[in-house]
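Asker:
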Amino acid sequence: MGEAEAGALNAPLKDSLQQKTFLDVGPNMVARESPAVTKRNWNTSKLGLRVGADALSAGAAGALVAPIITMIDKGIIENASGRNTLGESIKQSVRQLLLRPQRFITSKPFALIFSLYFGTYFTANTIDTASSTLHSTPASSTTAGTSKFVATSTANLALCLYKDNKFTQLFGSAGSARPVPLPTFALFTVRDCITIFASFNLPPILAPSFEAHMSEGVQRYMSSASLAQFITPAAVQLVSTPLHLLGLDMYNRPGMAVSGKDGRIAKVVRDWAKSSAARMCRIVPAFGVGGVVNTKTRRALMGGTE
661 MGEAEAGALN
671 APLKDSLQQK
681 TFLDVGPNMV
691 ARESPAVTKR
701 NWNTSKLGLR
711 VGADALSAGA
721 AGALVAPIIT
731 MIDKGIIENA
741 SGRNTLGESI
751 KQSVRQLLLR
761 PQRFITSKPF
771 ALIFSLYFGT
781 YFTANTIDTA
791 SSTLHSTPAS
801 STTAGTSKFV
811 ATSTANLALC
821 LYKDNKFTQL
831 FGSAGSARPV
841 PLPTFALFTV
851 RDCITIFASF
861 NLPPILAPSF
871 EAHMSEGVQR
881 YMSSASLAQF
891 ITPAAVQLVS
901 TPLHLLGLDM
911 YNRPGMAVSG
921 KDGRIAKVVR
931 DWAKSSAARM
941 CRIVPAFGVG
951 GVVNTKTRRA
961 LMGGTE
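Counting in our numbering, the sequence shown runs from 661 upward without gaps.
(1) Determine the closest residue to PHE860 out of LYS921, ALA784, ALA713 and PHE870, with distance taken between C-alpha atoms.
(2) Suppose the cutoff is 6 Å on Cβ atoms and the five residues either side in sequence are ignored; what does the same chain contact list for ASP788 look like?
(3) Quick one: is GLN762 buried, meaning 16 or more other Cβ sit within 10 Å of its Cβ, or exposed?
(4) Enumerate in chain order the residues of its own chain whose CB-to-CB distance from CYS941 is below 8 Å, with the five nearest sequence positions on each side excluded.
(5) Where does ASN703 fall in DSSP's three states?
(6) Could you check which residue in ILE865, ALA885 and PRO864 has the C-alpha nearest to that of MET874?
(7) Flag ALA771 as yes when its Cβ comes closer than 6 Å to any non-hydrogen atom of the ligand FAD, and as no otherwise.
(8) In terms of residue numbering, what span does the alpha helix (DSSP H) encompassing PHE845 cover?
(9) Taking the alpha-carbon positions, what's the VAL949 to THR812 distance?
(10) So PHE809 and PHE857 are in contact, right, with Cβ under 8 Å, and what is the actual spacing, rounded?
(11) By the three-class DSSP mapping on this structure, what secondary structure does HIS873 have?
(12) Indicate the three-state DSSP secondary structure (helix, strand or coil) for SER807 in the structure shown.
(13) Residues in the same chain with beta-carbon distance under 8 Å from PHE770, minus the five sequence neighbours each way, listed in chain order, please.
(14) Does DSSP classify MET731 as helix, strand or coil?
(15) Considering MET940, what are the terminal residues of the alpha helix (DSSP H) in which it resides?
(16) Check whether the Cβ atoms of SER800 and ASN703 sit closer than 7 Å, and answer yes or no.
(17) Going along the chain, which residues of its own chain have a beta-carbon closer than 6 Å to the beta-carbon of ILE750, five neighbours each way excluded?
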């Protein structure tokens, strides 16, 4: 028998030996199937375009909400420092936006606010893209898990602290500000975490419940997802505003008693309603309008990559 014939006869045996593991248990040989190696499939199709869609969506949302947020934040700080009233500050900003738009949108305050919300939305979008890549789901799919909450909270907190520091330097009082005490910083951190959770994680969870209670006529004008994106971040201000007020009071009135007519609790209760309304007016464009624009723009752009 030639080598070629022998190789041909032994080929099935070699294949069988490659697929089976033999255990020596005395005079008999027991064959055991080797465990199959499972290959994980990742959805990497057009990944570069998908990340670009994430950036464009975040940029569109950030550019849309930045003007009004810039005006409100500038007005609040100027009013607190005594440099201007809230109403007059906003009027001046509106006048500049209408008469000299190029100067407004190239200003440092606008750039800071745009960077804050672009960074927050882009982080949320890339978490969704990473999830769709790792779990091989459609590119337009979104998530509502812990990783998204932690990532968006971290990005928003870091960018917001940087923005607040710069805004204070630009529009605060001429004198040097006292350092922010740790309890105030902790309360502001919890406040922002609640807002982020209500802006990015709760809407996808609550949208099905909203849809079940929406008539067909209402759904023709607004989807349940959009409604949840508007209502949830605004409604949660009723919970987060007391934390905001308590943190401010600890900074403005160090050493004040918690109870009593002029204590911290009484101060928070007195300012809770109007302060909640003001923060709702700010949060709706920031995470309501911006969140809807970001979500819809991303869905439309991702549809072209699927």
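Idealized CB from N, CA, C, for every residue including glycine.
Keep in mind it's a predicted model, so treat the numbers as computed, not measured.
Answerer: In short:
(1) ALA784
(2) THR802 and THR803
(3) exposed
(4) ILE732
(5) coil
(6) ALA885
(7) This structure lacks the ligand FAD, and indeed carries no ligand of any kind.
(8) 842 to 856
(9) 17 Å
(10) 6 Å
(11) coil
(12) helix
(13) ALA726, PRO727, THR730 and PHE764
(14) helix
(15) 924 to 943
(16) no
(17) MET731 and GLY735
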